[in-house]
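Asker: Numbering (our numbering), first residue to last: 17 to 270. Virtual Cβ for every residue (Gly too), placed ideally from N, Cα, C. To start, I am sharing the structure in question, which I have written as structure tokens.
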């Protein structure tokens, strides 16, 4: 379902992208109150954010369709350190769809993410001297894949991530960082044949400004651009291989 990705919010049908309604309800200055989604220039829906007034953290997101009807709810719980410990998805009738529980280790890094619902998935993270060295993903109790992470010598910069499926290498992702705030991720199969490449550009604050995805033939297939206002995310634009914008997300803040 569209709303499960949690990236949408409310808008009058007559409004354009440049005519976002003001926020309502209680919130905190600068925080997101609504997130609007447009596909191929047409309004599709909205995510409305609610906050815990004691902690300032997001407590609930209500997803609405373009006609204003409710599609579902996402609720958040946090641990004593303000880290998300539970994400619950419910449908418009408030019936449970799924719940993700997140646990952390002693220094605050994610140790496990377990999703229960129609299916159960488990994602475990293993560390060596505070560096992530292995990930294991299970679906309904069966191991789907295992990732082994390797770093450049005497650094915390990832060199490559090797994925194993049924104890055999299925793919390898290489990471290359450039001095001009660019990260390149190249994925190959077990024989070293390139399967795809992703290039991410960052600004001087290390926030994403553009993501470029290339096919194994090195053709640009997807572009995502991030725009900021006063240092805060304001808009996301997504383009297909033809350069046509297929999705736009606009953020309204308190």
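1) What number of angstroms, rounded off, separates the C-alpha of residue 46 from the C-alpha of residue 40?
2) Rounding to the nearest angstrom, what Cα-Cα distance links residue 152 and residue 126 in this structure?
3) Hey, residue 231 and residue 212 are a contact pair by Cβ (cut 8 Å); roughly how many whole angstroms apart?
4) Taking the alpha carbon of residue 274 as the reference point, which residue from 44, 82, 80, 78 has its own alpha carbon closest?
5) Which runs of the beta strand (DSSP E) fall wholly inside the region 115–155 and span at least 3 residues, in chain order?
6) In angstroms with no decimal places, state the Cα-to-Cα distance between residue 257 and residue 71.
7) In terms of residue numbering, what span does the beta strand (DSSP E) encompassing residue 201 cover?
8) Going by the beta-carbon positions, is the gap between residue 118 and residue 101 smaller than 7 Å?
9) With DSSP collapsed to three states, give me the class of residue 61.
10) The beta strand (DSSP E) that contains residue 238, what's its start and end?
11) With the cut-off set at 7 Å, would you say residue 193 and residue 203 are in Cβ contact?
12) Check the DSSP bridge columns for residue 74 and list the partner residues they point to.
Answerer: With the structure as the only source:
1) When rounded, the distance between both Cα atoms is 14 Å.
2) If I take the Cα positions, the gap works out to 13 Å.
3) 6 Å
4) Past the boundaries of the shown model lies residue 274; the chain is included only from 17 to 270, so the question cannot be answered.
5) Runs of the beta strand (DSSP E) lying entirely within the region 115–155 and spanning at least 3 residues, in chain order: 126–133, 137–144, 147–155.
6) 42 Å
7) It spans 198–205 - the beta strand (DSSP E) in which residue 201 sits, taken as one unbroken run.
8) yes
9) Note: residue 61 maps to strand in three-state DSSP.
10) It spans 236–245 - the beta strand (DSSP E) in which residue 238 sits, taken as one unbroken run.
11) no
12) 67
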